[in-house]
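Using this note's numbering, the first residue of the sequence shown is number 89, and each one after it goes up by one.
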Amino acid sequence: MAGIHVSSKRPAIAMIELIFAIVVIGIALMSAPNLIRTSTKSGYVAIQQEAINEAASHLNMVIGYHWDENDTDDRYLDPILHVSNGDWQLDENKSIGYSGRRYGTPTRGARTFIRADGNDSLTASSLGLDAGETRGDEDDIDDFDGSSYSLEQVVNATADYVEKSTVTINTTVRYYPDIPDAGTYINPNAATPRTLEFDFNDSISAAPTTNIKKIEVTLISTSGVSELQKNIKLRAFSCNIGAVELKERDF
Ligand SMILES: [Ca+2]
Ligand SMILES: [Ca+2]
Ligand SMILES: [Ca+2]
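Here is the structure:
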């Protein structure tokens, strides 16, 4: 009798299953156009990601250069440079008994305002290419200010035609305020510790020099595809801290 018992219940379950099946098919049909649109877009996302990767590696390349023209003499380690409009707390502090140092420098650290030849009056210079340099001669970070290059990406390709998108990568370098917008650098022992409040859009021009250079790489895509026409900015900051000598260990 068990068989009859099951068969008497079976049609009811089948009906519920059928309803579920209809609902599921309905959802699947409704979402099909969306899925197609998403997959088309994700192709553009991949193309755009390639362009962003290119801009990011350019930014990494720029930030690897000397901080300033006055750091480019390869006979010496890059010294810390004097600046005209920086926070006084970042200046050379002779009163702490270690000439050439600023506050915060470890006593045995090598980062100093005094170059190995004894020159202790080197200053940060104006932005851009320096005397005698032309495009291609870049040897410090701000030499890349105003530089621009383009690359082409293939967006679509069929047997009959190739659709390309042009990506332009522009680089801007500016001195950036090194003085906190409010208060001073954090003193953890102060009754009311202040925090650093920087506005990443701040930038100042070439003349007053500070201890921070802001590098901005802007990526502009020009193509007929609206999804690719984006204006993307990547920013990096580089500080006037001189260089240290890397000691090599023999194994
Ligand atoms: Ca230079
Ligand atoms: Ca030079
Ligand atoms: Ca320069």
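The beta carbon of each residue, even a glycine, is placed where N, CA and C say it ideally should be. Just so it is clear, the structure is predicted and the values come from calculations on it, not from any experiment.
In the pairwise beta carbon analysis, the stretch 138 to 152 is classified as not touching the stretch 186 to 205: fewer than three pairs are separated by under 8 Å. With a cutoff of 6 Å, D218 counts as near ligand 2, since its C-beta is closer than that to a heavy atom of the ligand. Taken through DSSP and simplified to helix, strand or coil, K321 comes out as strand.
Looking from the CA of L215, the closest CA among Y132, V112, P296 belongs to P296.
Under the DSSP assignment, E251 falls in the beta strand (DSSP E) whose first and last residues are 250 to 264.
In the DSSP secondary-structure assignment, E240 is bridged to T254. CA-CA distance, K302 to T246, rounds to 42 Å. For the pair of segments examined, the stretch 219 to 228 was found not to touch the stretch 163 to 170: the number of CB pairs separated by less than 8 Å stays below three.
For E157, the Cβ falls inside the 6 Å cut-off from some heavy atom of ligand 3. Proximity of the beta carbon of E304 to ligand 1 is not indicated: no heavy atom of the ligand is located closer than 6 Å. A check of alpha carbon separations from I320 across T160, N181, A109, Q136 identifies Q136 as the nearest. For V305, the uninterrupted beta strand (DSSP E) run begins and ends at 300 to 310, by DSSP. In the pairwise beta carbon analysis, the stretch 302 to 316 is classified as touching the stretch 254 to 265: at least three pairs are separated by under 8 Å.
Taking A134 as reference, the option from T298, V242, A324, S326 with the minimal CA-CA separation is V242.
Out of A109, N258, D231, S309, the CA that lies nearest to the CA of W155 is found in D231. With 16 or more other Cβ atoms inside 10 Å of its own Cβ, A212 counts as buried. Approximately 5 Å separates the beta-carbon atoms of A204 and Y164; this is inside 8 Å, confirming the contact. Our two residues, A324 and V255, have alpha carbons roughly 20 Å apart in a direct line. About 4 Å separates the beta carbons of D166 and D159, which is inside the 8 Å limit, making them a contact pair. The beta carbon of D230 sits closer than 6 Å to at least one heavy atom of ligand 3. In the structure shown, the three-state DSSP call for S183 is helix. When only Cα atoms are considered, N258 and G330 end up about 27 Å apart. If you check the C-beta of D227 against ligand 1, you find a heavy atom less than 6 Å away. DSSP, read as helix, strand or coil, puts A219 in coil.
Taking the CA atoms as reference points, I110 sits about 11 Å from M103. Residue burial annotation: S183 is exposed, with fewer than 16 other C-beta atoms found within 10 angstroms of its C-beta.
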